[in-house]
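Reviewing the structure listed below.
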Amino acid sequence: MAQKFNRVETLVRKAKRSRFSFLYSGYLLGRRAYRSVVNRFTDQQVGWVARLQSGRWVDETRFELSGWAFERGTGSNDVAPTITLVLRNHRTGRRTEVPATLRYDSAANIGARLMPVDYGEFAFVATLDLAPLLAGRAGDAWTVSVRVDSGDRVVTGTFRTRAKTGTAGYLVARTAGDRQVLPVWDAKTGLGFQLRVPEALGLSTSFAGDRVEVLVRAPQFPVAHAALVSEGGRVALAVAAEADGTYRLAGELPAPGLPAISEYPEEEREEANNPEDLGASLAVADHRIEVTDTAGNRAVVASGLDEHDAAPAAGEVRYAYTGEGGALCVRDTTAMLLVEDVELTDEPFGLRYRGRVLGDLDGASLVLTGPRQDLEVALTLDGDRFEAFAPLLISTWGQPELPPQTGSYVLRGRTAGGAWFRVGAASGLIQRTPIRTTGTWLKVRIGVTTGRRVTCLLSAPLEDKLVGDYQQARLKAEYHARTFEPQEAIYFESFNGRAATCNTYALDREVARRFPEMTRYWGVLDLSVAVPEGAVPVLKGTLEWWDARSTCRYVIINEWIRQKFRHQPFQVVLQTWHGSMFKRIGLDRPNFSKDEQHFLALERAKWDILLSQNAHSTEIFRSAYAWDKPIWEEGYPRNDAMSTSSGEAIRELLGIRPDQKAVLYAPTWRDDHEETMVDFLDLPEMARLLGGDYVLLLRGHSRTLRSGSNVRVPGVIDVTSYPHVTDLFLAADAMITDYSSVMFDYSVTGRPMIFFVPDLEKYRDKTRGVYFDLEELAPGPVLFTQDAVVAAVRALDAEAPGYAAKYAAWQQMFNAHDDGHSAERVIDRLFALPRR
């Protein structure tokens, strides 16, 4: 117990020092008094976390659920909790208790910041026997609560959140005789169950071409009219009464057609960079069935399917399934794939899908679409069955075969004619999701999202004991308490491990050339990051990563190294940064808060040397970071290649014709756009106006590297994920930018630049602030409309001489040290430093 209180006191000290100091004030009120006050004035339990991970039927009456539950700040790592599921009948108040079985789930620690307890130990699985519910009174409802006895406190609460890509997001009813138990999710009360006797119960469905027949039992509901109901409207069904209160409903399904809509879900269309390019798709209609009695009352026909899907007959594309609210639904389309099984294979490494073919899909293709990456999927059709394989070791941009970057991927299909079609999950697959599996390169979680689309969430293959805030905080405390002996090695990190590029990459290449015996580690966010030849990738969060950062004599980074790093006495930390400044940074930014100043000071204390591209940057570093340590003004190593290489091989790799002019469009991110790419240029229209003599290279900011989707527009090549922007500088004949620091790098080439800044006034005066008047100094036209940009691109050669004087002055001011030898000078100075 003493150990537990020591951990809590550590938490309190951290809270007192942090920007979350209000937590410390709350703690001083006393835990019970504080909870009491807050609970009195809100309907929320302070610190209560309860998540439903899965919920599935295991047989006719038993329902299995899994998840985790705890109260933040309570519990112990020395005493296992006792967790009980409690069902309460709303009408009678009667409670039924079901003991849960503990199981470890590292995901419970994700987001549980500053907590001294390993809440992976608070995960559980439980099976509820709902036979007594079926014997209850129709209309009864039950709420599921979780009681957690953590040793020092017993607390009960309802589920607050649920996993939406799996069974917890697709709760389905179970019918026994004329009764139906329906699992329900409520935003306030979480998981519950309802018992009902449906007024109309669908017993079977059959299809013949466009015709559908449904047999419905409704002994107390004299059916007079019926209809198929969908977002597209209502379609009447003929009603024929049969014996024993059953009715046969029959009618023609409306033709789904080929509307100009996208197979992408609406929320993804809104996030896409160019939703109009996502393409037409085979329409998918989901119909529920409504009946009306002789008195005009309406009822939705409930599903009486034994299984959650009624398998399509041979040659049919329509099928029935149990939908939301226990309704009997009919899915209608001209063609689709119905996925019944997914597995991760090791040899070869990838995902294998199997299932049913509905309709004519000869010549179709599949793709896994994810963040800035599309993975081709091999599809094999065999009558009404299919098998597909998605390799998870791939080569991108000519690099070695590596896994795709982590993130969520959706399986989509395209017909031979180019229309998207639905790839959906069969209910049997849904009932097994989420499916978790781990391979050498990746962790994979198979799930189901909007419209029953099949997803896979790829994540780094961290061991469970390393996942989540608790485990990483434990390692941080352990490593910060130890002393280390230095190894003659260098730790590199670029953009927080999202890539191996920029100045750090150029310095790695210089070390490898001159000191090949020196070990070079690269911190990477996942194993999709291609590190330089001969370097050792260390996955962030692993023991190897913690060891490398703690023992390497040299640490070279181009962005904040953040709080987990502790500077060892023998280490030299070189902060190369990643660009000269037009937009204000650090302490120079408007409205830079006290908290931000505090974290900047913590970060700054970890650096020994700052690398500067030019005198302009040196001056800004002094003011923006209140920096009084050494600054090496040596130019940018990443620009060395522009003095020693050509772009011919890069143009060939990107597919740029020798006779085309390549225009690089490289906007920066916006503080008010978060991680989405700015979209001030209408790329499809611009590509159309410029025609086939031009190609646009779209380069999003590094902050957009793992968000959004690739732009798919004729005449545009999305190179956001291309690792080395310097290669793109060499490949491009001209560049369009706005406030990005690429303006100070591309100018090394001497090639034309266009500045497209439609929000200049807002950006300068409100959003970020700037260091100089762009219109006064820019070595190219500063423009505010797309029409002006198109005209300027067409007039590049003619207008260039008019900016020659400004260009020369710009290069003298910002590129005086970019002479092709920056990396050489920096490594000379670094290795000449006295050993600590």
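Sequential numbering of the sequence shown, starting at 1101, is according to this note's numbering. Just so you know, even glycine gets a beta-carbon here, dropped at the ideal spot from N, CA and C.
Among the options, the one whose alpha carbon lies nearest that of residue i
i	options	result
L1542	T1506, G1517, F1692 and I1720	T1506
V1248	S1821, V1417 and V1186	V1186
Q1153	T1161, G1266, G1236 and V1217	G1266
D1286	Y1419, D1278, G1302 and G1425	G1425
T1604	W1622, R1614, F1615 and P1616	W1622
S1712	S1922, T1256, E1563 and A1427	S1922
L1753	R1454, F1914, R1274 and I1817	I1817
V1158	P1216, T1201, A1169 and D1229	D1229
R1868	A1834, E1719 and G1686	G1686
A1402	G1483, S1465, A1488 and L1282	L1282
F1721	M1681, A1749, W1660 and A1705	M1681
T1469	I1927, Y1794, C1556 and E1733	C1556
N1397	P1322, W1732, R1662 and A1909	P1322
A1766	V1544, G1800, R1751 and G1747	G1800
K1640	G1815, I1836 and F1595	F1595
G1755	V1819, W1732 and I1731	V1819
S1717	R1194, K1683 and E1785	K1683
A1518	M1618, A1380 and D1887	In the sequence under discussion, the amino acid at residue 1518 is Gly, which differs from the Ala named in the question. Closest option to G1518, Cα to Cα, is A1380.
Inter-residue spacing [alpha-carbon to alpha-carbon] between residue i and residue j
i	j	result
L1627	Y1579	24 Å
A1336	F1259	41 Å
K1729	L1700	15 Å
N1691	P1586	41 Å
C1429	R1348	16 Å
I1709	G1524	54 Å
V1857	F1829	20 Å
A1724	E1331	55 Å
M1853	K1664	40 Å
R1388	V1329	5 Å
V1467	D1278	43 Å
L1481	V1314	31 Å
V1842	T1515	40 Å
T1434	G1450	29 Å
T1642	A1612	25 Å
A1169	V1246	7 Å
A1399	E1299	7 Å
F1931	V1636	20 Å
I1657	F1489	38 Å
F1141	I1210	Legend: pLDDT at F1141 = 36, less than 50; position of this residue unreliable, value from coordinates given subsequently. Going by the C-alpha atoms only, they are around 29 Å apart.
K1114	A1749	With a pLDDT of 43 at K1114, under the threshold of 50, the modelled position of this residue cannot be trusted, and the question is left open.
I1927	A1715	20 Å
G1423	V1272	7 Å
G1528	D1432	19 Å
L1933	V1672	9 Å
DSSP bridge partner residues for residue i (one or two, in chain order)
i	result
R1456	L1438 and R1485
P1491	G1450
W1520	S1381 and R1514
Y1419	R1431
L1933	Answer is none; L1933 lacks a bridge partner.
A1340	R1348
M1853	M1835
L1233	L1233 is not bridged to any residue.
R1334	V1329
G1290	D1286
G1155	L1165
F1170	V1149
V1186	E1197 and S1245
H1824	Beta-bridge pairing links H1824 to no other residue.
Rounded distance between the beta-carbons of residue j and residue i, thought under 8 Å
i	j	result
L1796	V1763	5 Å
A1573	P1823	Going by Cβ atoms, the distance from A1573 to P1823 rounds to 32 Å, so no, they are not a contact pair.
A1326	V1384	No, A1326 and V1384 are not in contact; Cβ-Cβ is about 22 Å, not under 8 Å.
G1513	A1464	6 Å
G1920	T1676	Not confirmed; about 17 Å, so no contact.
S1176	V1217	7 Å
R1851	A1831	11 Å between Cβ atoms; not a contact.
Worksheet item: In chain order, which beta strand (DSSP E) runs of at least 3 residues are fully inside the segment 1603-1669?
Response: 1619-1624, 1636-1639 and 1652-1657
Practice prompt. Entirely within the segment 1661-1741 and at least 3 residues each: give me those beta strand (DSSP E) ranges in chain order.
Written response: 1672-1675, 1709-1712 and 1731-1733
Item to complete: Let me know the beta strand (DSSP E) ranges lying completely inside the segment 1563-1597, each 3 residues or longer, listed in chain order.
Response: 1587-1593
Worksheet item: At what residue ranges does the segment 1842-1919 contain a whole run of the alpha helix (DSSP H), taking only runs of 4 or more?
Response: 1842-1846, 1874-1877, 1886-1894, 1896-1899 and 1904-1914
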